[in-house]
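Heads up: the structure comes next, in C-alpha cells.
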Amino acid sequence: MLSNIDNKEVVISIKGLTKSFGSLAVLKGIDIDIQKGENLAVLGRSGSGKSVLIKIISGLLKPDEGVVKVLGQEVDSLSAAALQALRLKIGFSFQSSALYDSMSVRENLEFPLVRNKRDLNKNQVNEAIEEVLNEVGLIKNINQMPSELSGGQKKRIGIARTLILKPEAMLYDEPTSGLDPMTCIEINNLILKVQEQYKTSAIIITHDLTCAKTTANKVAMLFDGKFSTQGTFEEVFASKEPSIRSFYDYNFMNHP
Amino acid sequence: MPPYEWKEIINQCYSVGYKSLPLISLTGFIIGIVFTKQSRPSLATFGASSWLPSLISIAIIRALAPLVTALIAAGKVGSNMGAELGSMKVTEQIDAMEVSATNPFKFLVVTRILASTLMMPILVFYSGLVGMLGAYMNIHQNELTSFTAFFKSAFSTISFLDINASIFKAIVYGFTIGVAGCYQGYYAQNGTQGVGRAANTAVVVSMFLIFIEEMIIVQFVNAIR
Numbered sequence: 004m005l006s007n008i009d010n011k012e013v014v015i016s017i018k019g020l021t022k023s024f025g026s027l028a029v030l031k032g033i034d035i036d037i038q039k040g041e042n043l044a045v046l047g048r049s050g051s052g053k054s055v056l057i058k059i060i061s062g063l064l065k066p067d068e069g070v071v072k073v074l075g076q077e078v079d080s081l082s083a084a085a086l087q088a089l090r091l092k093i094g095f096s097f098q099s100s101a102l103y104d105s106m107s108v109r110e111n112l113e114f115p116l117v118r119n120k121r122d123l124n125k126n127q128v129n130e131a132i133e134e135v136l137n138e139v140g141l142i143k144n145i146n147q148m149p150s151e152l153s154g155g156q157k158k159r160i161g162i163a164r165t166l167i168l169k170p171e172a173m174l175y176d177e178p179t180s181g182l183d184p185m186t187c188i189e190i191n192n193l194i195l196k197v198q199e200q201y202k203t204s205a206i207i208i209t210h211d212l213t214c215a216k217t218t219a220n221k222v223a224m225l226f227d228g229k230f231s232t233q234g235t236f237e238e239v240f241a242s243k244e245p246s247i248r249s250f251y252d253y254n255f256m257n258h259p
Numbered sequence: 374m375p376p377y378e379w380k381e382i383i384n385q386c387y388s389v390g391y392k393s394l395p396l397i398s399l400t401g402f403i404i405g406i407v408f409t410k411q412s413r414p415s416l417a418t419f420g421a422s423s424w425l426p427s428l429i430s431i432a433i434i435r436a437l438a439p440l441v442t443a444l445i446a447a448g449k450v451g452s453n454m455g456a457e458l459g460s461m462k463v464t465e466q467i468d469a470m471e472v473s474a475t476n477p478f479k480f481l482v483v484t485r486i487l488a489s490t491l492m493m494p495i496l497v498f499y500s501g502l503v504g505m506l507g508a509y510m511n512i513h514q515n516e517l518t519s520f521t522a523f524f525k526s527a528f529s530t531i532s533f534l535d536i537n538a539s540i541f542k543a544i545v546y547g548f549t550i551g552v553a554g555c556y557q558g559y560y561a562q563n564g565t566q567g568v569g570r571a572a573n574t575a576v577v578v579s580m581f582l583i584f585i586e587e588m589i590i591v592q593f594v595n596a597i598r
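Residue numbers (the working numbering), protein chains in the order written: chain A, 4 to 259; chain B, 374 to 598.
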C-alpha cells in the first residue's frame with residue numbers, strides 16, 4: 004500500500020531543466036519537486052526523454068540548462084568526490100538490470116558495498132548481502148550467475164544491489180518492462196516495500212499504468228519535452244486531453 | 374588512490390598472461406623452427422652455417438619475439454578488452470558501476486592497462502625462449518650441435534642493450550594494447566554492432582601503433598648502439 008506523504012522536505016528538485024542531443028531537443032523545461040517518502044511516476048511515449056531525466060538526476064548526463072538538486076546538492080556543480088558521495092544516497096535500477104555478468108549474484112551485491120563501506124568486515128558484508136537478498140526474496144539465488152536468472156529475478160537483484168547502500172532516493176527505469184503480469188505485481192510490491200522500509204523517495208519511469216497507479220503518489224506526463232500534466236493518478240487520467248486518454252485507453256485495453 | 378584493485382589486477386594478469394601462453398608457445402616455437410629452416414640454405418651457400426645460432430638469436434631477441442608476441446597479444450588481448458568493455462558499456466554495466474559510487478575507470482581500465490603492461494615483457498621473454506628452443510631443436514636435428522654450444526654461440530652476439538631494448542619494447546607494446554583495447558571498449562556505442570566495431574578497431578589500432586613504435590624504437594636503439 005502507498006505511504007501517505009505529509010512531509011514537506013524536498014529530496015529531488017528540478018527547475019528549468021533542458022537537454023538536447025545535437026539538434027534534437029529532448030527536455031524543454033522540466034520543473035518538479037519530489038518530497039521525502041514520495042514516489043513519482045513519469046509517464047510518456049518512447050523517446051520522450053524519461054530515461055534522460057533520471058540519468059541527469061544521477062549525474063550520468065549533464066543538463067544543458069536548469070538546476071537539479073538531490074538532497075539539497077546541485078548535481079551538476081559537484082566535484083567528482085562529492086558526486087560519488089551523493090551517489091551513495093541515490094539508487095538506480097536500470098531497465099536492463101545492468102547486472103555485472105561476469106560476477107555471481109553475491110559478487111554483484113558485494114561490489115558496491117566493499118568499495119564504499121570499507122570499515123565492514125567479511126561477516127558484516129555477508130550479513131548485509133543476505134539481508135537485502137531476503138528483502139527481495141532471492142536468497143536462494145545467491146551463488147547463481149546473472150545468465151541463470153529470469154528477467155524478473157534480474158530486476159529484483161538490480162534493486163537489491165542499490166538497496167545494499169541504503170539509498171535515500173531511488174530512480175527506477177522501466178521496472179516492469181518486458182515482464183509477465185505476475186512478475187510485474189511482484190516488482191510493484193517490491194517498490195512499495197522499499198518506499199515503506201527504507202523511507203525512500205523515488206522516480207519511476209514507466210509505460211505501465213498499473214505500475215504507476217500502484218506504486219506512485221504522484222504521476223507526471225512527459226509530452227514534447229515538458230510535463231504536460233501532473234497530480235495523483237486519478238487527477239491526471241480524469242483529463243480529456245487526447246494524448247492522455249489514448250495512453251490510458253491503450254494501457255487498460257479499451258482500444259479496438 | 375585507495376581502494377586498490379589488487380584482486381582485479383591479478384585476475385587481469387592471469388587473463389592477459391597465463392591464458393595467452395598456449396598461443397604464444399605455439400607461435401614462438403614455430404617461428405624459431407621456420408626461421409632456422411629458411412636461414413640455413415643462405416648461410417650454407419657462404420659456408421657460414423655455424424653463424425646460424427647467432428643470426429637466430431639476434432633476429433628473435435631484437436625483433437621477432439617482441440613484435441610477433443605483441444601482434445598476437447593485440448589480436449587476442451586487445452580484441453578481448455575491446456569486446457568485453459564494449460559489451461559492458463552497451464548493456465549499461467559501466468553506468469551501473471558509476472551510479473553505485475564506484476570508479477569504473479579505475480576498476481576496468483587501469484587494471485587492464487597495468488596487466489597488459491606488466492605481462493607483455495614476461496610473454497616476450499617466454500616467446501623468445503620458446504623460439505630459441507625451436508631453433509635449437511632444428512639445428513640439433515641437422516648439425517648435431519649441443520645445447521650448451523648452441524646457447525653459447527647464440528648469446529655471444531646479444532648485448533645488454535638488445536635485452537633492455539626488447540623489454541622496453543614489450544612495455545610500450547603492452548601499454549599500447551591496453552590503452553587501445555580499453556579506449557575502444559569504454560567508448561563503444563550503438564549496441565552489438567558497436568561491440569564488434571570496438572573489438573575490431575582495438576586490434577587494428579593496436580597493430581598500427583605497434584608497427585609505428587617498432588620503427589621509432591629501432592631507430593632510437595640503433596642511434597645509441
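Virtual Cβ for every residue (Gly too), placed ideally from N, Cα, C.
Exercise. Taking only beta-carbon atoms, is Arg-159/A less than 8 Å away from chain B?
Worked result: So, not an interface residue.
Problem set entry | Closest by C-alpha distance to Ser-96/A, when choosing among Gln-38/A, Leu-43/A, Glu-177/A | The closest CA to that of Ser-96/A, considering only Gln-38/A, Leu-43/A, Glu-177/A, is found on Glu-177/A.
Exercise. What three-state label does DSSP hand Val-594/B in the structure shown?
Worked result: Val-594/B sits in a helix when the DSSP states are folded into three classes.
For this session: Taking Gly-558/B and Met-493/B to be in contact with their CB atoms under 8 Å, please state how far apart those CB atoms are, rounded to whole angstroms.
Result: Contact flag wrong, Cβ pair sits at about 18 Å.
For this session: Below 8 Å CB to CB, which residues in the same chain sit around Ile-167/A once its five sequence neighbours on both sides are set aside?
Result: Closer than 8 Å at Cβ, skipping near neighbours: Leu-112, Pro-115, Leu-116, Ala-131, Ile-132, Val-135.
Problem set entry | Outcome for Pro-259/A when other beta-carbon atoms lying within 10 angstroms are tallied against a minimum of 16 | The predicted position of Pro-259/A is uncertain, since its pLDDT is 47 and thus under 50; no value can be drawn from it.
Exercise. Quick one: which chain A residues come within Cβ less than 7 Å of Glu-471/B?
Worked result: Per Cβ cutoff of 7 Å: Leu-63.
Problem set entry | Of the listed residues Ser-415/B, Phe-408/B, Gly-451/B, Pro-439/B, nearest to Arg-570/B (C-alpha basis) | With distances taken between Cα atoms, Arg-570/B lies closest to Gly-451/B.
For this session: Just tell me which of Ile-35/A, Ile-93/A, Ala-28/A, Ile-33/A has its CA closest to the CA of Ile-162/A.
Result: Relative to the Cα of Ile-162/A, the nearest Cα in the group Ile-35/A, Ile-93/A, Ala-28/A, Ile-33/A belongs to Ile-93/A.
Exercise. Ordered along the chain, which non-local residues of its own chain (more than five positions away) have a Cβ less than 7 Å from that of Cys-386/B?
Worked result: Here the set comprises Ala-488, Leu-491, Met-492.
Exercise. Within the chosen definition, does the segment 579 to 598 of chain B reach the segment 536 to 545 of chain B through at least 3 CB pairs nearer than 8 Å?
Worked result: Touching, per the Cβ criterion.
Exercise. So with Cβ pairs under 8 Å, would you call Pro-259/A a contact of chain B?
Worked result: Unreliable positioning characterises Pro-259/A in this predicted model, as indicated by a pLDDT of 47, which lies under 50. A coordinate reading is not provided.
Exercise. Is Thr-475/B close to chain A, meaning its C-beta is less than 8 Å from at least one C-beta of that chain?
Worked result: Using beta-carbon distances, Thr-475/B counts as an interface residue toward chain A, with a partner under 8 Å.
Problem set entry | Euclidean distance between Cα positions of Arg-248/A and Thr-213/A | Going by the C-alpha atoms only, they are around 15 Å apart.
Problem set entry | Chain-order list of residues whose beta-carbon lies under 7 Å from that of Ser-23/A (same chain, five-residue window excluded) | The residues are Val-29, Asp-67.
For this session: Pull up the DSSP beta-bridge partners for Met-173/A, would you.
Result: BP columns for Met-173/A point to Gly-94/A, Ala-205/A.
Problem set entry | Limits of the unbroken alpha helix (DSSP H) element including Val-108/A | Annotation for Val-108/A: the continuous alpha helix (DSSP H) segment containing it runs 108 to 119.
For this session: Use the C-beta contact count for Ile-599/B: other C-beta atoms within 10 angstroms, 16 or more gives buried, fewer gives exposed.
Result: The question about residue 599/B has no answer here: the residues shown for chain B are numbered 374 through 598.
For this session: Flag this pair as yes or no: are the beta carbons of Val-108/A and Asn-137/A separated by less than 8 Å?
Result: Against a cut-off of 8 Å, the Cβ pair of Asn-137/A and Val-108/A comes out as no contact.
Problem set entry | Span separating the alpha-carbon of Ile-550/B from that of Leu-534/B | Annotation: Ile-550/B to Leu-534/B spans about 24 Å, alpha carbon to alpha carbon.
For this session: Give every residue of the same chain whose Cβ lies closer than 7 Å to the Cβ of Lys-410/B, excluding the five residues on either side of it in the sequence, and list them in chain order.
Result: Scanning its chain for C-beta atoms nearer than 7 Å, with the 5 sequence neighbours on each side dropped, one finds around Lys-410/B the residues Asn-511, in chain order.
Exercise. Is the beta carbon of Gln-233/A sitting closer than 8 Å to the one on Ile-35/A?
Worked result: The Cβ atoms of Gln-233/A and Ile-35/A sit closer than 8 Å to each other.
Exercise. Name the residues in the segment 140 to 157 of chain A whose C-beta lies less than 9 Å from a C-beta of chain B; which are they?
Worked result: Going along the segment 140 to 157 of chain A in chain order, one finds no residue with a Cβ nearer than 9 Å to chain B.
Problem set entry | Within-8 Å CB hit, Asn-191/A to chain B | Closer than 8 Å: no.
For this session: Please work out which residues of its chain come closer than 8 Å, Cβ to Cβ, to Thr-203/A, disregarding the five sequence neighbours upstream and downstream, and give them in chain order.
Result: Excluding positions up to five away in sequence, the list reads Gly-40, Gly-94, Pro-170, Glu-171, Ala-172, Met-173, Val-197.
Exercise. What does Lys-247/A reach in chain B if we use C-beta pairs closer than 8 Å?
Worked result: A quick correction: the sequence has Ile, not Lys, at residue 247/A. Chain B residues near Ile-247/A: none, gap ~30 Å exceeds 8 Å.
Exercise. Can a CB atom of chain A be found closer than 8 Å to the CB of Thr-600/B?
Worked result: Here chain B covers residues 374 to 598 and nothing more, so residue 600/B does not appear.
Exercise. By Cβ distance, which residues of its chain are closer than 8 Å to Glu-12/A, with the 5 residues on each side in sequence left out?
Worked result: Same-chain partners within the cutoff: Gln-38, Lys-39.
Exercise. Quick one: Cα of Thr-400/B to Cα of Glu-151/A, how far?
Worked result: Going by the C-alpha atoms only, they are around 37 Å apart.
Exercise. Can you list the residues of chain B that Gln-87/A reaches, using a CB-CB cut of under 7 Å?
Worked result: By Cβ distance, chain B contributes Ala-474.
Exercise. In or out: Ser-473/B buried (at least 16 other Cβ within 10 Å) or exposed?
Worked result: Buried.
Exercise. What are the start and end residues of the beta strand (DSSP E) that includes Ile-142/A?
Worked result: Per DSSP, Ile-142/A lies in no beta strand (DSSP E) segment and is marked neither H nor E.
For this session: Output yes or no for whether 8 Å exceeds the beta carbon distance between Lys-479/B and Ser-393/B.
Result: Judged by their CB atoms, Lys-479/B and Ser-393/B are not nearer to each other than the 8 Å cut-off.
Exercise. Whose C-alpha, out of Ala-88/A, Ile-160/A, Met-224/A, Lys-31/A, is nearest the C-alpha of Val-70/A?
Worked result: Ranking the options by Cα distance to Val-70/A, first place goes to Lys-31/A.
Exercise. What's the C-alpha gap between Gly-507/B and Thr-484/B?
Worked result: When rounded, the distance between both Cα atoms is 34 Å.
Problem set entry | Asp-252/A (DSSP reduced to helix, strand or coil) | The answer is helix: DSSP assigns Asp-252/A an H, G or I state.
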